[in-house]
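Structure record follows, encoded as structure tokens.
Put into structure tokens, the structure is as follows:
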């Protein structure tokens, strides 16, 4: 979890279930959810340790990324599933109690909006015998 601080007292409320109350100059631990980190950065929060700052995509060309097609989206999710299954020890906390990948983890890792129902449908298809 990265550490951030602000030069003012400010509350960052996200639509992703997190609210972080920054006190001026105090260090806060921020969840490892890129959307929450970006919300904090957008209001002026800074990393305590600059080495924790992730490499963010370069928007120099000014063109927004094209949305994924259904097949590209499915392949991106399946690639993540293969990595999770192949390295279960590292991803143990990213599975739900029902043994399915966490929708929150999938969404934050891939940077896409995906519902738990959609993750479950993809997981069922992924687990189906071939």
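In this note's numbering, the protein residues as written are 1027 to 1156. Note that the Cβ used here is the ideal one computed from N, Cα and C, for glycine as well.
Check your understanding: Can the beta-carbon of residue 1120 be found closer than 8 Å to that of residue 1131?
Key -> Yes; because the gap between Cβ atoms is below 8 Å, this pair is in contact.
Point to revise | Sufficient close CB pairs (3 or more, under 8 Å) joining the stretch 1066–1076 to the stretch 1140–1148 | key: Too few Cβ pairs lie closer than 8 Å, so no.
Review point. Using CA coordinates, which residue listed in 1072, 1115, 1071, 1145 is at the minimum distance from residue 1105?
Key: Comparing alpha carbon positions, the residue from 1072, 1115, 1071, 1145 closest to residue 1105 is 1145.
**Study point:** Limits of the beta strand (DSSP E) - the one that residue 1037 falls within
**Key:** Residue 1037: member of the beta strand (DSSP E) spanning 1036–1039, first to last residue.
Point to revise | Segment limits, beta strand (DSSP E) that includes residue 1045 | key: Segment 1045–1048, the beta strand (DSSP E) holding residue 1045.
Point to revise | Outcome for residue 1027 when other beta-carbon atoms lying within 10 angstroms are tallied against a minimum of 16 | key: Residue environment analysis places residue 1027 among the exposed positions, since fewer than 16 neighbouring C-beta atoms fall within 10 angstroms of its C-beta.
Review point. Can you name the start and end residues of the beta strand (DSSP E) that residue 1030 belongs to?
Key: Element bounds for residue 1030: 1029–1031.
Check your understanding: Given a threshold of 16 other Cβ atoms within 10 Å of its Cβ, counted over all protein chains shown, does residue 1047 qualify as buried or as exposed?
Key -> Looking at its Cβ environment, which holds fewer than 16 other Cβ atoms inside 10 Å, residue 1047 is exposed.
**Study point:** Close-in-space but distant-in-sequence residues of the same chain around residue 1110 (CB under 7 Å, 5 per side omitted)
**Key:** Excluding residues within five positions, the ones whose Cβ falls inside 7 Å are 1117, 1120, 1127.
Check your understanding: Is residue 1062 near residue 1040, with beta carbons less than 8 Å apart?
Key -> Their beta carbons are under 8 Å apart, which means residue 1062 touches residue 1040 by this criterion.
Check your understanding: In terms of alpha-carbon separation, which member of 1115, 1059, 1070, 1036 lies closest to residue 1043?
Key -> Ranking the options by Cα distance to residue 1043, first place goes to 1059.
Exercise for review: From the DSSP output, in three-state form, read off residue 1146 for me.
Suggested key: Residue state, collapsed to three classes: helix.
Point to revise | Assigned secondary structure, residue 1055 (DSSP; H/G/I helix, E/B strand, else coil) | key: Strand, per DSSP.
**Study point:** Residues sharing a beta bridge with residue 1078, DSSP
**Key:** The partner list for residue 1078 (beta bridge, DSSP) is empty, contrary to what the question assumes.
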